[in-house]
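Taking it in order: structure first as C-alpha coordinates, then the write-up.
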Amino acid sequence: MSRAYGLHGSDCFELGSDHVGDRFEVFVAHPVDLPGMPLSGPPRVVYCVDAEVYGVQLVEIARYLTVDPSRSIEPFLVVGIGYPDDVRERTPPMRLRNRDLVTPGTPIPDWVVEALGGAGPEPASDRFLAFSEEELDPVIRERYEHDASATGLCGDSYGGLFGLYTLFRQSPLFTHYLIGSPGAVLDDDPVFAVEAAQFAAGVPLKGRAYFSIGEHEQADSGTAYETLGKNYLCLAALLRERAYPDLAWTAEIIPGETHASVIPFALSRGMRWLFERDGLPLAPVRTLD
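See the structure below:
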(Lines of atoms letter the chains of each structure in order from A and count residues from 1; the text may use other names and numbers.)
(Lines give C-alpha, C1' and ligand atoms only; values in the text may rest on other atoms or scores of the structure.)
Protein backbone atom coordinates (compact mmCIF):
# COMPACT_ATOMS: atom_id res chain seq x y z
CA MET A 1 0.00 0.00 0.00
CA SER A 2 1.52 3.33 -1.06
CA ARG A 3 1.50 6.42 1.14
CA ALA A 4 1.38 10.03 -0.03
CA TYR A 5 4.04 11.15 2.51
CA GLY A 6 2.01 14.34 3.01
CA LEU A 7 3.75 15.98 0.05
CA HIS A 8 1.71 17.98 -2.42
CA GLY A 9 2.76 17.73 -6.04
CA SER A 10 4.10 14.20 -5.67
CA ASP A 11 3.46 10.70 -6.96
CA CYS A 12 3.97 7.43 -5.11
CA PHE A 13 4.30 3.89 -6.44
CA GLU A 14 5.77 0.49 -5.60
CA LEU A 15 8.49 -1.24 -7.60
CA GLY A 16 9.81 -4.77 -7.25
CA SER A 17 13.51 -5.54 -7.59
CA ASP A 18 15.04 -8.71 -8.97
CA HIS A 19 18.45 -7.52 -7.80
CA VAL A 20 17.40 -7.13 -4.16
CA GLY A 21 14.57 -9.66 -4.11
CA ASP A 22 12.16 -7.26 -2.44
CA ARG A 23 9.76 -4.39 -3.11
CA PHE A 24 10.36 -0.69 -2.63
CA GLU A 25 8.09 2.30 -2.25
CA VAL A 26 9.10 5.30 -4.33
CA PHE A 27 7.84 8.86 -4.20
CA VAL A 28 8.54 11.45 -6.87
CA ALA A 29 8.20 15.09 -5.79
CA HIS A 30 8.01 17.74 -8.48
CA PRO A 31 9.66 21.15 -8.10
CA VAL A 32 7.47 24.15 -7.32
CA ASP A 33 6.26 26.38 -10.13
CA LEU A 34 5.11 29.69 -8.68
CA PRO A 35 3.18 32.43 -10.52
CA GLY A 36 5.69 34.74 -12.13
CA MET A 37 8.52 32.25 -11.51
CA PRO A 38 8.05 29.51 -14.11
CA LEU A 39 10.57 26.72 -14.45
CA SER A 40 13.12 27.51 -17.14
CA GLY A 41 13.44 23.90 -18.26
CA PRO A 42 13.06 20.29 -17.18
CA PRO A 43 14.51 19.53 -13.73
CA ARG A 44 17.45 17.36 -12.87
CA VAL A 45 16.83 14.22 -10.83
CA VAL A 46 18.05 13.77 -7.25
CA TYR A 47 17.64 10.39 -5.57
CA CYS A 48 17.27 10.20 -1.79
CA VAL A 49 17.45 7.04 0.30
CA ASP A 50 15.52 6.76 3.59
CA ALA A 51 12.57 8.46 1.92
CA GLU A 52 10.40 8.30 5.03
CA VAL A 53 12.75 10.60 6.96
CA TYR A 54 15.35 12.39 4.87
CA GLY A 55 13.43 12.46 1.61
CA VAL A 56 10.53 14.48 3.01
CA GLN A 57 12.90 17.01 4.57
CA LEU A 58 14.89 17.25 1.34
CA VAL A 59 11.77 18.04 -0.70
CA GLU A 60 10.51 20.81 1.56
CA ILE A 61 13.90 22.48 1.99
CA ALA A 62 14.66 22.23 -1.73
CA ARG A 63 11.35 23.81 -2.66
CA TYR A 64 12.03 26.82 -0.44
CA LEU A 65 15.56 27.20 -1.75
CA THR A 66 14.39 26.97 -5.35
CA VAL A 67 12.36 30.17 -4.94
CA ASP A 68 14.84 31.98 -2.67
CA PRO A 69 15.12 35.47 -4.22
CA SER A 70 18.65 35.93 -2.87
CA ARG A 71 20.47 32.66 -3.60
CA SER A 72 18.24 30.13 -5.33
CA ILE A 73 19.15 26.60 -6.29
CA GLU A 74 18.32 24.78 -9.49
CA PRO A 75 14.94 23.01 -9.38
CA PHE A 76 15.05 19.24 -9.30
CA LEU A 77 12.85 16.20 -9.19
CA VAL A 78 13.29 14.38 -5.87
CA VAL A 79 12.98 10.60 -6.04
CA GLY A 80 12.69 9.13 -2.55
CA ILE A 81 13.29 5.41 -2.00
CA GLY A 82 11.63 3.70 0.96
CA TYR A 83 9.65 0.60 1.85
CA PRO A 84 5.95 -0.35 1.66
CA ASP A 85 4.13 -0.83 4.95
CA ASP A 86 3.90 -4.62 4.64
CA VAL A 87 7.66 -4.89 3.98
CA ARG A 88 8.36 -2.73 7.03
CA GLU A 89 6.04 -4.89 9.12
CA ARG A 90 7.78 -8.07 7.94
CA THR A 91 11.31 -6.77 8.47
CA PRO A 92 12.19 -3.89 10.84
CA PRO A 93 13.31 -0.82 8.86
CA MET A 94 16.73 -0.75 10.54
CA ARG A 95 17.43 -4.26 9.26
CA LEU A 96 16.33 -3.21 5.78
CA ARG A 97 18.71 -0.24 5.93
CA ASN A 98 21.50 -2.53 7.10
CA ARG A 99 20.85 -4.77 4.08
CA ASP A 100 20.55 -2.05 1.45
CA LEU A 101 22.89 0.73 2.59
CA VAL A 102 25.88 -0.99 4.23
CA THR A 103 28.95 -2.02 2.22
CA PRO A 104 29.12 -5.74 1.30
CA GLY A 105 31.44 -7.71 3.55
CA THR A 106 30.99 -5.36 6.52
CA PRO A 107 30.97 -7.33 9.79
CA ILE A 108 28.04 -6.28 11.95
CA PRO A 109 29.16 -5.28 15.47
CA ASP A 110 27.37 -6.78 18.47
CA TRP A 111 25.89 -3.41 19.45
CA VAL A 112 24.33 -3.09 15.99
CA VAL A 113 22.88 -6.62 16.18
CA GLU A 114 21.41 -5.73 19.57
CA ALA A 115 19.97 -2.47 18.22
CA LEU A 116 18.48 -4.32 15.24
CA GLY A 117 16.96 -7.00 17.44
CA GLY A 118 18.87 -9.68 15.53
CA ALA A 119 21.42 -10.10 12.79
CA GLY A 120 19.07 -9.71 9.83
CA PRO A 121 20.12 -9.92 6.16
CA GLU A 122 23.77 -9.50 5.19
CA PRO A 123 24.86 -6.06 3.91
CA ALA A 124 24.32 -5.84 0.15
CA SER A 125 24.51 -2.22 -0.97
CA ASP A 126 25.85 -3.47 -4.31
CA ARG A 127 22.44 -5.00 -5.02
CA PHE A 128 20.63 -1.86 -3.93
CA LEU A 129 22.87 0.21 -6.21
CA ALA A 130 22.07 -2.14 -9.08
CA PHE A 131 18.35 -1.69 -8.34
CA SER A 132 18.78 2.09 -8.42
CA GLU A 133 20.74 2.07 -11.67
CA GLU A 134 19.07 -0.69 -13.67
CA GLU A 135 15.51 -1.05 -12.38
CA LEU A 136 14.38 2.25 -10.86
CA ASP A 137 16.17 4.87 -12.95
CA PRO A 138 14.82 3.63 -16.31
CA VAL A 139 11.28 3.94 -14.91
CA ILE A 140 11.92 7.51 -13.76
CA ARG A 141 13.48 8.51 -17.09
CA GLU A 142 10.54 7.06 -19.01
CA ARG A 143 7.77 8.56 -16.89
CA TYR A 144 9.07 12.04 -16.09
CA GLU A 145 10.48 14.90 -18.11
CA HIS A 146 13.99 15.61 -16.85
CA ASP A 147 17.38 17.15 -17.50
CA ALA A 148 19.85 14.28 -17.92
CA SER A 149 22.98 16.44 -17.67
CA ALA A 150 23.47 15.66 -13.97
CA THR A 151 21.95 13.34 -11.37
CA GLY A 152 22.25 13.64 -7.60
CA LEU A 153 22.29 11.22 -4.68
CA CYS A 154 21.42 12.25 -1.12
CA GLY A 155 21.89 10.17 2.01
CA ASP A 156 22.59 10.58 5.72
CA SER A 157 24.06 8.19 8.30
CA TYR A 158 23.81 4.73 6.69
CA GLY A 159 22.48 6.60 3.66
CA GLY A 160 25.67 8.66 3.72
CA LEU A 161 27.66 5.44 3.86
CA PHE A 162 25.79 4.28 0.76
CA GLY A 163 26.67 7.61 -0.85
CA LEU A 164 30.36 6.99 -0.12
CA TYR A 165 30.14 3.48 -1.53
CA THR A 166 28.44 4.77 -4.67
CA LEU A 167 30.99 7.56 -5.12
CA PHE A 168 33.87 5.12 -4.63
CA ARG A 169 32.30 2.66 -7.07
CA GLN A 170 31.96 5.51 -9.59
CA SER A 171 28.40 4.65 -10.51
CA PRO A 172 27.66 5.83 -14.07
CA LEU A 173 24.31 7.17 -12.86
CA PHE A 174 25.35 9.80 -10.32
CA THR A 175 27.35 13.01 -10.71
CA HIS A 176 26.45 14.99 -7.55
CA TYR A 177 26.59 13.62 -3.99
CA LEU A 178 25.15 15.04 -0.76
CA ILE A 179 26.68 12.83 1.93
CA GLY A 180 25.77 13.57 5.54
CA SER A 181 27.36 11.93 8.58
CA PRO A 182 28.51 8.87 6.58
CA GLY A 183 27.91 5.83 8.79
CA ALA A 184 31.34 4.22 8.62
CA VAL A 185 31.32 3.04 12.24
CA LEU A 186 34.14 0.47 12.17
CA ASP A 187 37.89 0.85 12.38
CA ASP A 188 39.24 0.07 8.90
CA ASP A 189 35.68 0.26 7.60
CA PRO A 190 35.29 -1.83 4.41
CA VAL A 191 33.97 1.14 2.43
CA PHE A 192 37.51 2.53 2.30
CA ALA A 193 38.73 -0.71 0.72
CA VAL A 194 36.41 0.05 -2.21
CA GLU A 195 38.20 3.34 -2.83
CA ALA A 196 41.61 1.71 -2.38
CA ALA A 197 40.79 -0.96 -4.97
CA GLN A 198 39.63 1.66 -7.45
CA PHE A 199 42.75 3.74 -6.88
CA ALA A 200 44.99 0.70 -7.35
CA ALA A 201 43.16 -0.07 -10.60
CA GLY A 202 43.74 3.46 -11.85
CA VAL A 203 40.08 4.50 -11.63
CA PRO A 204 39.92 8.14 -10.48
CA LEU A 205 36.98 9.57 -8.58
CA LYS A 206 34.94 12.11 -10.52
CA GLY A 207 31.95 14.25 -9.65
CA ARG A 208 30.92 16.87 -7.14
CA ALA A 209 30.51 15.90 -3.48
CA TYR A 210 29.41 17.73 -0.34
CA PHE A 211 30.25 16.03 2.97
CA SER A 212 29.14 17.12 6.44
CA ILE A 213 29.08 16.01 10.04
CA GLY A 214 27.85 17.50 13.31
CA GLU A 215 30.44 18.81 15.75
CA HIS A 216 29.14 16.66 18.61
CA GLU A 217 29.46 13.49 16.56
CA GLN A 218 33.19 13.79 17.10
CA ALA A 219 32.82 14.53 20.81
CA ASP A 220 30.77 11.44 21.69
CA SER A 221 33.66 9.38 23.04
CA GLY A 222 33.02 5.71 23.68
CA THR A 223 30.16 5.55 21.16
CA ALA A 224 29.84 4.56 17.52
CA TYR A 225 29.79 8.25 16.66
CA GLU A 226 33.37 8.56 17.90
CA THR A 227 34.53 6.09 15.22
CA LEU A 228 32.25 7.75 12.69
CA GLY A 229 33.90 11.08 13.49
CA LYS A 230 37.41 9.65 13.20
CA ASN A 231 36.58 8.04 9.86
CA TYR A 232 35.18 11.36 8.63
CA LEU A 233 38.54 13.02 9.29
CA CYS A 234 40.26 10.08 7.58
CA LEU A 235 37.99 10.55 4.56
CA ALA A 236 38.95 14.21 4.20
CA ALA A 237 42.64 13.39 4.63
CA LEU A 238 42.37 10.63 2.02
CA LEU A 239 40.75 12.90 -0.56
CA ARG A 240 43.34 15.62 0.05
CA GLU A 241 46.11 13.08 -0.45
CA ARG A 242 44.59 11.61 -3.60
CA ALA A 243 43.93 15.06 -5.10
CA TYR A 244 41.63 13.65 -7.79
CA PRO A 245 41.59 16.36 -10.49
CA ASP A 246 37.98 15.76 -11.55
CA LEU A 247 36.48 15.50 -8.06
CA ALA A 248 35.22 18.78 -6.59
CA TRP A 249 34.45 18.34 -2.90
CA THR A 250 34.07 20.09 0.41
CA ALA A 251 33.78 18.64 3.92
CA GLU A 252 32.19 20.61 6.76
CA ILE A 253 31.93 20.16 10.51
CA ILE A 254 28.77 22.00 11.55
CA PRO A 255 29.12 23.56 15.02
CA GLY A 256 26.84 22.62 17.88
CA GLU A 257 24.99 19.83 16.08
CA THR A 258 24.51 16.13 16.81
CA HIS A 259 23.96 13.14 14.53
CA ALA A 260 20.23 13.92 14.47
CA SER A 261 20.09 17.72 14.69
CA VAL A 262 22.62 18.31 11.90
CA ILE A 263 20.37 16.86 9.18
CA PRO A 264 18.42 19.97 8.06
CA PHE A 265 21.62 22.06 8.11
CA ALA A 266 23.41 19.47 5.99
CA LEU A 267 20.56 19.31 3.50
CA SER A 268 20.34 23.09 3.13
CA ARG A 269 24.06 23.75 2.88
CA GLY A 270 24.67 20.69 0.73
CA MET A 271 22.01 21.55 -1.82
CA ARG A 272 23.31 25.11 -2.09
CA TRP A 273 26.90 23.95 -2.57
CA LEU A 274 25.88 21.41 -5.19
CA PHE A 275 23.10 23.16 -7.08
CA GLU A 276 23.14 26.92 -6.45
CA ARG A 277 22.42 28.79 -9.66
CA ASP A 278 25.20 31.37 -9.24
CA GLY A 279 27.75 28.95 -7.76
CA LEU A 280 28.55 31.24 -4.82
CA PRO A 281 30.68 29.78 -2.01
CA LEU A 282 29.07 28.85 1.28
CA ALA A 283 29.75 31.33 4.05
CA PRO A 284 31.33 29.83 7.17
CA VAL A 285 29.01 29.37 10.12
CA ARG A 286 29.42 32.22 12.62
CA THR A 287 27.76 33.49 15.79
CA LEU A 288 27.03 37.01 17.04
CA ASP A 289 27.61 36.48 20.78
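Quick note: the sequence shown uses this note's numbering, first residue 1126, plus one each step. All C-beta atoms in this analysis are idealised placements derived from N, C-alpha and C, irrespective of residue type, glycine included.
Linking Leu1241 to Asn1223 through their CA atoms gives a straight-line distance of about 9 Å. Looking at the DSSP output, Thr1276 shares a beta bridge with Val1170. Contact annotation: the stretch 1173–1188 touches the stretch 1280–1288, with at least three C-beta pairs closer than 8 Å.
CA-CA distance, Arg1169 to Val1204, rounds to 11 Å.
Here the alpha carbons of Thr1300 and Arg1148 stand approximately 26 Å from one another. Boundaries of the beta strand (DSSP E) around Arg1148: 1147–1154. Contact check between the stretch 1137–1154 and the stretch 1205–1213: three or more CB pairs, one atom from each, fall below 8 Å, which counts as touching. Here Arg1333 is buried: its Cβ has 16 or more other Cβ atoms, across all protein chains shown, within 10 Å.
Taking 8 Å as the cut-off, the beta carbon of Arg1394 is found closer than this to the beta carbon of Leu1407. Counting the other Cβ atoms within 10 Å of the Cβ of Trp1236 gives fewer than 16, which makes it exposed.
One Cα belongs to Gly1131, the other to Phe1152, and the distance between them is close to 11 Å.
Within the stretch 1184–1250, the runs of beta strand (DSSP E) that reach at least 3 residues and sit entirely inside it are, in chain order, 1201–1207. Pro1167 has its alpha-carbon roughly 42 Å from the corresponding atom of Glu1351. Rounded to whole angstroms, the gap between the alpha carbons of Val1310 and Ala1349 is 6 Å. In the three-state reduction of the DSSP assignment, Glu1270 falls in the coil class, being assigned neither a helical nor a strand state. Taking the Cβ atoms as the reference, Phe1293 lies roughly 4 Å from Glu1320, within the contact range of under 8 Å. Boundaries of the alpha helix (DSSP H) harbouring Ser1393: 1388–1400, taken from the DSSP string. When C-beta atoms of the stretch 1386–1400 are compared with those of the stretch 1322–1342, three or more pairs fall below 8 Å, so the two segments count as touching. In the structure shown, the three-state DSSP call for Phe1299 is coil.
Nearest C-alpha to Phe1253 among Asp1225, Pro1315, Pro1232, Pro1297: Asp1225. Judged by DSSP secondary structure, Tyr1335 falls within the beta strand (DSSP E) whose first and last residues are 1332–1339. Across the structure, Glu1342 and Glu1377 are spaced so that their CA atoms are roughly 12 Å apart.
Annotation for Glu1320: the continuous alpha helix (DSSP H) segment containing it runs 1315–1325.
For Thr1383, no alpha helix (DSSP H) encloses it, and the DSSP letter there is neither H nor E.
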